[in-house]
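Enquirer:
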Amino acid sequence: MGTAGQEPEPPPPDELAARFRAGDEAALREAYDRFGRAVLHLATSTLANRSDAEDVTQATFVAAWLGRDTFDPTKGSLIGWLLGIGRRKVIDRLRASAREMRVVETVRQLPEPVATGVDPDAVVDRLVVADELALLPDDQRRMLELAFYDDLTHQQISTVTGVPLGTVKSHIRRGMASLKRRWEVDGAAPGPRPAGLSGAR
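Per this note's numbering, the very first residue in the sequence shown carries number 343; after that it's consecutive.
1) Grouping DSSP H, G and I as helix and E and B as strand, with all else coil, what is TYR491?
2) Please return the same chain residues whose Cβ sits closer than 7 Å to the Cβ of ALA360, not counting the five positions on each side in sequence.
3) Expressed to the nearest angstrom, what Euclidean distance is found between the alpha-carbon atoms of SER520 and THR501?
4) Under three-state DSSP, which class holds THR416?
5) Does SER387 come out as helix, strand or coil in the three-state DSSP assignment?
6) Check whether the region 403-411 touches the region 383-395, counting contact only when three or more Cβ pairs, one atom from each stretch, lie closer than 8 Å.
7) Find the nearest neighbour of TYR374 within the set ARG437, LEU420 and THR386, judged by alpha-carbon distance.
8) Could you please give the first and the last residue of the uninterrupted alpha helix (DSSP H) stretch that includes ARG410?
9) Is the beta carbon of ARG437 sitting closer than 9 Å to the one on PHE362?
10) Hey, how far is the Cα of LEU494 from the Cα of ARG523?
11) Check each candidate in ARG371, ARG515, ALA390 and VAL398 and name the one with the smallest Cα separation from VAL381.
12) If I follow the unbroken alpha helix (DSSP H) through VAL502, where does it start and stop?
13) Between ARG516, THR503, GLN451 and ALA440, which lies nearest to LEU477 when the distance is taken from Cα to Cα?
14) What separation, rounded to the nearest whole angstrom, lies between the Cα atoms of GLU474 and SER439?
15) Just curious, the alpha helix (DSSP H) that ALA359 is in, first and last residue?
16) What is the DSSP secondary structure of ALA438, counted as helix, strand or coil?
17) Closest to GLN400 by C-alpha separation, out of ASP356, THR386, GLY378 and LEU384, would be which residue?
18) Quick one: what does DSSP say ALA476 is sitting in, helix, strand or coil?
19) Expressed to the nearest angstrom, what Euclidean distance is found between the alpha-carbon atoms of ASP434 and PRO453?
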């Protein structure tokens with residue numbers, strides 16, 4: 343207690359805060375031991391998930407350590423500064439959780455994917471062949487469509503159309519030759535030929 347007429351001595355500066363600001367790693371550990379529970383309490387009082395609260399607490403001390411040059415002991419205590427950082431981290435986590443919930447809800451509202459069991463490559467093959475067939479003369483296109491899409495033999499095509507077997511074979515042979523020339527010109531690398539287009543049967 344000061345004598346009469348003398349000003350009371352100012353409280354000694356917070357030695358831990360000064361060491362923390364100076365970059366003393368031991369001070370970081372001491373600050374965590376001393377104030378970690380308070381920051382964790384702040385986080386758990388707002389966040390429902392304990393794991394999130396622990397993450398926020400660690401993030402608070404990491405951010406404080408990396409930004410220790412901005413701490414001004416003359417403007418407030420170390421615990422007050424840490425709790426301020428903690429509040430911002432809690433808000434960041436709440437915003438991130440809200441974004442995640444919106445994404446999850448959007449995904450939940452999407453229709454279930456339909457499992458068709460169709461081979462995508464087979465679909466592409468059919469589309470490519472259909473485009474090529476459309477360029478052929480009518481008679482050749484009709485014969486090849488029956489062979490490819492309906493998987494009919496030459497004899498069956500003859501029976502269905504009433505066209506003589508020799509003419510059916512001729513149309514298919516000429517149509518296949520035209521397709522082959524176009525594939526070669528287009529630089530396509532033909533894979534296995536689709537069923538029904540493999541030659542005379």
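Glycine included, C-beta positions come from ideal geometry on N, C-alpha and C.
Expert: According to the structure data:
1) Against the sequence shown, residue 491 aligns to sequence position 149. Note: TYR491 maps to coil in three-state DSSP.
2) By 1-based counting over the sequence shown, the position of residue 360 is 18. Here the set comprises PRO415.
3) Residue 520 sits at position 178 when you count from the first residue of the sequence shown. Residue 501 sits at position 159 when you count from the first residue of the sequence shown. Their Cα atoms are separated by approximately 25 Å.
4) Indexing the sequence shown from 1 puts residue 416 at position 74. Looking at THR416 - three-state DSSP - the assignment turns out to be coil, as it is neither helix nor strand.
5) To locate residue 387, count along the sequence shown from 1; it is residue 45. Looking at SER387 - three-state DSSP - the assignment turns out to be coil, as it is neither helix nor strand.
6) no
7) Residue mapping note: residue 374 aligns to position 32 of the sequence shown, counting from 1. Of the candidates ARG437, LEU420 and THR386, the one whose C-alpha sits nearest the C-alpha of TYR374 is LEU420.
8) Start at 1 with the first residue of the sequence shown, and residue 410 comes out as number 68. In the DSSP assignment, ARG410 falls outside any alpha helix (DSSP H), carrying neither H nor E.
9) Against the sequence shown, residue 437 aligns to sequence position 95. Against the sequence shown, residue 362 aligns to sequence position 20. Cβ distance not < 9 Å, so ARG437 and PHE362 don't count as in contact.
10) Indexing the sequence shown from 1 puts residue 494 at position 152. Indexing the sequence shown from 1 puts residue 523 at position 181. Approximately 24 Å, taken between the alpha carbons.
11) As a position in the sequence shown, residue 381 is number 39, starting the count at 1. Selected option, being the one with the closest Cα: VAL398.
12) The sequence position of residue 502 within the sequence shown is 160, counting from 1. In this chain, the alpha helix (DSSP H) harbouring VAL502 covers 496-503.
13) Residue mapping note: residue 477 aligns to position 135 of the sequence shown, counting from 1. LEU477 has its Cα closest to that of ARG516, out of ARG516, THR503, GLN451 and ALA440.
14) Taking the sequence shown and counting its residues from 1, the one referred to as residue 474 is at position 132. Taking the sequence shown and counting its residues from 1, the one referred to as residue 439 is at position 97. Roughly 52 Å separates the two Cα atoms.
15) Looking up residue 359 in the sequence shown gives position 17. From DSSP, the alpha helix (DSSP H) with ALA359 extends over 357-364.
16) Position 96 of the sequence shown, counting from 1, holds the residue named residue 438. It is helical.
17) Residue numbering aside, residue 400 sits at position 58 when the sequence shown is read from its first letter. Comparing C-alpha distances from GLN400 to each of ASP356, THR386, GLY378 and LEU384 shows the shortest one belongs to GLY378.
18) The residue given as residue 476 occupies position 134 in the sequence shown. If DSSP states are grouped into helix, strand and coil, ALA476 belongs with coil.
19) Along the sequence shown, one-based indexing puts residue 434 at 92. Along the sequence shown, one-based indexing puts residue 453 at 111. About 31 Å.
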